[in-house]
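Numbering (our numbering), first residue to last: 1 to 339.
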């Protein structure tokens, strides 16, 4: 577990001192209704508007201080770290993996352009839902030599031609950031993202070679994932300070690949970030989000000036994603009555 010194400030843009009387009753009721969920694996819901907590609830033993594994929602955080490296002139998305990771240069993975890697269009034979796929996440996790594993993954399609969700690409992206920046990925995140956001506690899983997993296994508090969402909502600014370049966030959230035909919970994919237009009471509401196994979400809703962070441990359970989307829709519906 990593810690940073807690720095007290008098003007945090994220106010966690909202009084109960400031919480719109309808939003509170939406969160209270989840007390009756029978699965026992919903953990937290935090709702922000304009950077302030307007509703917050914890379930099944979770507290505001619990570190929670957000699984593949960590991919979206890896995308932010790629953006930080781009802004510092340390890498460019027009270059290949091999340009930054000489150890895999010459392999199929080494020839992939970063733009294709970040949009799940690497063309590599890495499909997490296929047990036989040479580059699936389970095989990556079990590999005694991750670099050798990456070198050996063959191509399945031409790079840039097909979206195929996988964890190998975001693992590789993390290794690219390390090599381009000259820093351990977790140390880099601590310096360029976590510390500026006031995030002081986290835990990040590592592979057998002791590299942080860019594909996930990052544990954060629900309030801290909400902080990340707020920074994204505010186009890279937090507490008046620039954290991530606005142009990078615009690029990362852009609808680069249409995926609605293969993902019922999303319309499009950007740089490790999803987007979907939700229909709530006949109103079309654009939502950008990070998504992890089990229903872990960081929803960013610009039109409502809102962020919704959901922590869930329904890992491997289909209902987890559905439940989180249902909670989001209920929040948006309740919020409409307060506008």
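A virtual CB, placed ideally from N, CA and C, is assigned to each residue, including glycine.
Three-way DSSP call (helix, strand, coil) for residue i in this model
i	result
residue 138	helix
residue 414	Since the first residue shown for the chain is 1 and the last is 339, residue 414 is missing from the structure and cannot be characterised.
residue 230	helix
residue 95	coil
residue 127	coil
residue 371	Only positions 1 to 339 of the chain appear in this structure, which leaves residue 371 out of reach.
residue 331	helix
residue 9	Caution applies to residue 9, whose pLDDT of 36 falls short of 50 and renders its modelled position unreliable; the model cannot decide the point.
residue 23	Any answer about residue 23 is weak, because its pLDDT of 47 lies below 50 and its placement is not dependable; what the coordinates show is given next. Reduced to three states, the DSSP call for residue 23 is coil.
residue 262	coil
residue 291	strand
residue 179	helix
residue 237	strand
residue 321	helix
residue 56	strand
residue 199	coil
residue 345	As displayed, the chain neither begins before 1 nor continues past 339, which places residue 345 out of reach and without an answer.
residue 309	strand
Outcome for residue i when other beta-carbon atoms lying within 10 angstroms are tallied against a minimum of 16
i	result
residue 250	exposed
residue 108	buried
residue 161	exposed
residue 321	buried
residue 182	exposed
residue 94	exposed
residue 21	Because the pLDDT at residue 21 is just 47, under 50, the model does not fix this residue reliably, and the value given afterwards should be weighed accordingly. So residue 21 ends up on the exposed side.
residue 32	exposed
residue 131	exposed
residue 64	exposed
residue 96	buried
residue 129	exposed
residue 316	exposed
residue 148	exposed
residue 11	The pLDDT assigned to residue 11 is 38, lower than 50, so where the model puts this residue is not dependable; a value taken from the coordinates is nonetheless given after this. With fewer than 16 Cβ atoms within 10 Å of its Cβ, residue 11 is classed as exposed.
Presumed contact (8 Å Cβ cut-off) between residue i and residue j, rounded CB distance
i	j	result
residue 285	residue 304	7 Å
residue 39	residue 319	7 Å
residue 312	residue 324	6 Å
Short Cβ contact (7 Å threshold) for residue i with residue j
i	j	result
residue 176	residue 265	no
residue 273	residue 252	yes
residue 268	residue 261	no
residue 290	residue 76	yes
residue 358	residue 116	Outside the shown range of the chain (1 to 339) lies residue 358, about which nothing can therefore be said.
residue 173	residue 78	yes
residue 185	residue 212	yes
residue 133	residue 292	no
residue 287	residue 329	no
residue 235	residue 226	no
residue 166	residue 127	yes
residue 171	residue 106	no
residue 306	residue 49	yes
residue 74	residue 216	yes
residue 113	residue 150	no
residue 118	residue 180	no
Any non-hydrogen atom of the ligand FAD within 6 Å of residue i CB
i	result
residue 124	Of ligands this structure carries none, so the ligand FAD is not represented either.
Touching or not, the region 189-198 and the region 292-312, by the rule of three or more beta carbon pairs under 8 Å? no
Should the region 44-61 be regarded as contacting the region 24-34, the criterion being three or more beta carbon pairs within less than 8 Å? yes
Would you check if there are 3 or more beta carbon pairs closer than 8 Å linking the region 211-228 to the region 31-50? yes
Across the region 184-193 and the region 127-145, are there enough close Cβ pairs to call them in contact, namely three or more that are closer than 8 Å? no
Does the region 122-134 come close enough to the region 79-89 to have 3 or more Cβ pairs within less than 8 Å? no
Given 8 Å as the limit, is there contact between the region 237-251 and the region 202-211, that is, 3 or more CB pairs closer than that? no
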